[in-house]
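Numbering that gives the first Met the number 0 puts the first residue of the sequence shown at 0, with every later residue one more than the last.
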Amino acid sequence: MIFDKDQRELAQKIEEDISISKWKNWKWHIKHSIKDIDNFEKLTGISFSEEERTHLEKTTEKFPLSITPYYLSLINPENYRNDPVFRQAFPDPRELITCKYDMNDPLAEDSDSPVELITHRYPDRVLFHISNVCSMYCRHCTRKRKVGDVDYIPAPKKIKKALEYIRENIEIRDVLLSGGDPLMLSDKNLEWILGELRNIPHVEIIRLGSRMPVVLPYRITHELVEILKKYHPIWFNTHFNHPGEITASSRAALAKLADAGFPLGNQTVLLAEVNDCPRIIKRLVQLLVQNRVRPYYMYQCDLSEGLEHFRTPVSKGIEIMETLRGHTSGFAIPTFVVDAPGGGGKIPINPNYLVSWSVNKVILRNYEGIITSYREPDNYNNICCDLKCSECDLDLNVDPAQEVVPIGLEKLLTDHDETITLIPEDCYRLTRREEENNED
Numbered sequence: 000m001i002f003d004k005d006q007r008e009l010a011q012k013i014e015e016d017i018s019i020s021k022w023k024n025w026k027w028h029i030k031h032s033i034k035d036i037d038n039f040e041k042l043t044g045i046s047f048s049e050e051e052r053t054h055l056e057k058t059t060e061k062f063p064l065s066i067t068p069y070y071l072s073l074i075n076p077e078n079y080r081n082d083p084v085f086r087q088a089f090p091d092p093r094e095l096i097t098c099k100y101d102m103n104d105p106l107a108e109d110s111d112s113p114v115e116l117i118t119h120r121y122p123d124r125v126l127f128h129i130s131n132v133c134s135m136y137c138r139h140c141t142r143k144r145k146v147g148d149v150d151y152i153p154a155p156k157k158i159k160k161a162l163e164y165i166r167e168n169i170e171i172r173d174v175l176l177s178g179g180d181p182l183m184l185s186d187k188n189l190e191w192i193l194g195e196l197r198n199i200p201h202v203e204i205i206r207l208g209s210r211m212p213v214v215l216p217y218r219i220t221h222e223l224v225e226i227l228k229k230y231h232p233i234w235f236n237t238h239f240n241h242p243g244e245i246t247a248s249s250r251a252a253l254a255k256l257a258d259a260g261f262p263l264g265n266q267t268v269l270l271a272e273v274n275d276c277p278r279i280i281k282r283l284v285q286l287l288v289q290n291r292v293r294p295y296y297m298y299q300c301d302l303s304e305g306l307e308h309f310r311t312p313v314s315k316g317i318e319i320m321e322t323l324r325g326h327t328s329g330f331a332i333p334t335f336v337v338d339a340p341g342g343g344g345k346i347p348i349n350p351n352y353l354v355s356w357s358v359n360k361v362i363l364r365n366y367e368g369i370i371t372s373y374r375e376p377d378n379y380n381n382i383c384c385d386l387k388c389s390e391c392d393l394d395l396n397v398d399p400a401q402e403v404v405p406i407g408l409e410k411l412l413t414d415h416d417e418t419i420t421l422i423p424e425d426c427y428r429l430t431r432r433e434e435e436n437n438e439d
């Protein structure tokens with residue numbers, strides 16, 4: 000980890016005669032987070048007009064400001080208006096523009112919450128909100144309703160109730176610890192939660208979602224890593240949006256985690272005026288894999304209040320994906336997803352590589368535009384599945400074989416379910432037909 004000239008000058012404006020050990024102490028950064036416009040101007044040398052300040056202060060009244068000194072040190076004051084770190088960390092009056100389709104909770108996390116702190120959307124996994132506190136308030140956060148307004152760590156009583164829900168629902172095999180940022184908890188509290196989860200037999204995987212390696216890499220301490228190692232397997236997902244965020248300090252934090260055996264993933268959000276450029280995303284994913292981080296998702300920006308100026312057309316994401324496939328390593332390519340409004344979950348969006356198909360051929364195109372055909376097998380003995388796994392010729396080799404009730408399109412594809420059509424509840428034609436029949 001480095002303490003370069005610009006960082007030292009910034010640190011000394013906060014605390015005279017500061018040492019490198021203090022600068023590398025994550026709690027020091029939390030204590031000295033920049034939370035108002037005056038302090039921001041003082042530390043960066045950037046000045047705003049009175050009119051700008053008026054608009055900025057109105058913005059922070061609704062969506063508070065908080066930037067760690069470390070992340071602040073990455074802003075280029077000579078070109079701050081175009082700086083990707085500035086745009087992600089500093090308030091923009093456009094956040095107060097609310098469009099008619101903006102939502103307070105666009106992903107319906109609260110609606111899919113059977114008990115407080117838990118979002119249970121997918122059958123075998125849950126989101127566990129163990130903190131509403133972040134080291135920095137990202138301006139593009141989909142949970143601005145929680146993170147920007149209420150600073151609290153849930154009480155043990157609420158945590159215990161959420162843990163009890165996980166214990167009682169044996170289909171839950173994957174728990175994602177999120178927030179806020181779960182690494183805002185003390186090592187002791189975090190270890191308690193990890194220990195409780197590891198004592199639940201059906202919980203196979205624990206995931207941590209944290210932006211600390213990006214905005215406060217000094218949080219990834221030797222002590223924290225040693226605690227996390229006790230509870231493998233833990234998967235660690237972080238949130239780099241721009242190559243400029245991958246610094247010597249963040250590289251060191253990622254190396255600690257990778258060396259300790261944690262599979263690392265990254266979730267990028269596609270943001271207008273920040274990273275909506277194929278060259279930026281390509282360089283980002285290449286730097287990530289260089290640091291042993293697998294690009295996991297690239298998200299279309301959500302329909303949360305105050306994010307309109309960050310949103311791009313979905314077509315921009317498709318364009319970027321087109322410039323990745325075939326042009327860089329396959330494991331460096333994230334899945335581009337739209338997190339469906341209303342809680343529909345993540346929907347993958349890709350360029351079309353399937354051109355057409357017939358009974359015996361599939362027509363495909365590659366990244367160069369070459370069109371080719373793939374011959375289907377002449378003799379394929381399809382196995383019709385009746386869910387009687389114990390009588391199946393395939394060696395399932397699962398103990399026990401998990402039997403699930405198919406839903407959605409899977410229901411139409413299975414052989415053991417007789418459903419042939421999925422019909423929306425509010426289908427106008429069928430509602431009208433029913434009304435006409437009732438009249439008769």
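Beta carbons: idealized from backbone N, C-alpha and C, even for Gly. The structure displayed is predicted, hence computed values, not measured ones.
On a CA-only basis, which of the options is nearest residue i? Give me that one, please.
i, options, result
"L189", "E375, H201, G208 and P376", "G208"
"R86", "E318, D275, E435 and H415", "D275"
"M320", "D123, M297, Q266 and E77", "M297"
"S314", "P350, S303 and G329", "P350"
"I158", "N131, G305, N380 and I419", "N131"
"E244", "L71, P423, N38 and R431", "L71"
"R218", "P200, I204 and D186", "D186"
"G316", "G342, I279 and G329", "I279"
"N103", "F239, N290, P340 and N380", "P340"
"E50", "P92, N378, W25 and H231", "P92"
"V224", "G260, W191, P200 and P423", "G260"
What's the C-alpha gap between residue i and residue j?
i, j, result
"A247", "L193", "29 Å"
"P155", "H128", "13 Å"
"S15", "V125", "For clarity, residue 15 is Glu in the given sequence; the question names Ser instead. Spanning the two alpha carbons is a distance of roughly 46 Å."
"P242", "L412", "42 Å"
"P90", "N198", "42 Å"
"I370", "R364", "4 Å"
"V214", "Y69", "7 Å"
"S48", "L182", "37 Å"
"S112", "I169", "17 Å"
"L323", "Y373", "23 Å"
"Y427", "P347", "29 Å"
"S357", "I382", "21 Å"
"E77", "E8", "16 Å"
"K4", "L253", "23 Å"
"T97", "C384", "50 Å"
"I19", "W27", "11 Å"
"I29", "A271", "28 Å"
"L287", "E390", "46 Å"
"E375", "L421", "29 Å"
"N437", "E108", "38 Å"
"K255", "G368", "42 Å"
"V336", "T311", "13 Å"
"L386", "D123", "19 Å"
Using a Cβ-Cβ cut-off of 8 Å (strictly less than) and excluding sequence neighbours within five positions of residue i, which residues of its own chain qualify?
i, result
"G344", "R120, Y121 and D338"
"E56", "I36"
"R206", "D173, V174, L175, L176, I233, W234, F235 and N236"
"I13", "H31, L42 and P68"
"K360", "S372, Y373, R374 and E375"
"T418", "K410 and L411"
"V202", "I165, I171, R172, D173, V174 and L196"
For residue i and residue j, which I take to be in contact (beta-carbon distance under 8 Å), what is that distance rounded to the nearest angstrom?
i, j, result
"Q285", "A331", "6 Å"
"I33", "I66", "5 Å"
"C140", "D180", "Incorrect: roughly 11 Å between the Cβ atoms, too far for contact."
"L263", "R282", "Not a contact, Cβ separation roughly 18 Å."
"A251", "P216", "7 Å"
"H326", "Y366", "7 Å"
"K143", "E115", "K143 to E115, Cβ: 19 Å. No contact."
"L95", "T58", "6 Å"
"Y100", "I45", "Contact flag wrong, Cβ pair sits at about 34 Å."
"W22", "Q11", "Incorrect: roughly 10 Å between the Cβ atoms, too far for contact."
"R210", "H238", "4 Å"
"N290", "T267", "That pair is no contact at about 14 Å."
Please go through the same chain and pick out, in chain order, the residues whose beta-carbon is closer than 7 Å to the beta-carbon of residue i, but skip the five residues on each side of it.
i, result
"S355", "I362"
"E195", "L162"
"L306", "H139 and C300"
"S328", "V288"
Considering only residues of the same chain and omitting the five flanking positions on each side of residue i, which have a CB-CB separation below 6 Å?
i, result
"G147", "For G147, the predicted model reports a pLDDT of 49, less than 50, meaning its position is unreliable and no value from the coordinates is stated."
"V84", "L73 and I74"
"P277", "I319 and T322"
"D82", "I74 and N75"
"Y164", "V114 and I117"
I'd like to know whether the C-beta of residue i is nearer than 9 Å to at least one C-beta of chain D.
i, result
"R282", "No chain D is part of this structure, which consists of one protein chain only."
Notebook entry, point to check: Considering only residues of the stretch 386–434, which uninterrupted alpha helix (DSSP H) runs meet the minimum length of 4 residues and lie entirely inside it, listed in chain order?
Noted result: The stretch 386–434 is shown to contain whole alpha helix (DSSP H) runs of 4 or more residues at 407–412, in chain order.
Margin query: So within the stretch 295–366, which uninterrupted alpha helix (DSSP H) runs reach at least 4 residues, ignoring any that extend past its ends?
Written below: 313–321
Notebook entry, point to check: What beta strand (DSSP E) runs, 3 residues minimum, are completely inside the stretch 108–189?
Noted result: 124–128 and 173–177
Note to self: Runs of 4 residues minimum, wholly inside the stretch 203–241: which ones carry the alpha helix (DSSP H) assignment?
What the structure shows: 211–214 and 221–228
Margin query: Which complete alpha helix (DSSP H) runs does the stretch 6–37 hold, if anything under 4 residues is left out?
Written below: 19–22 and 25–30
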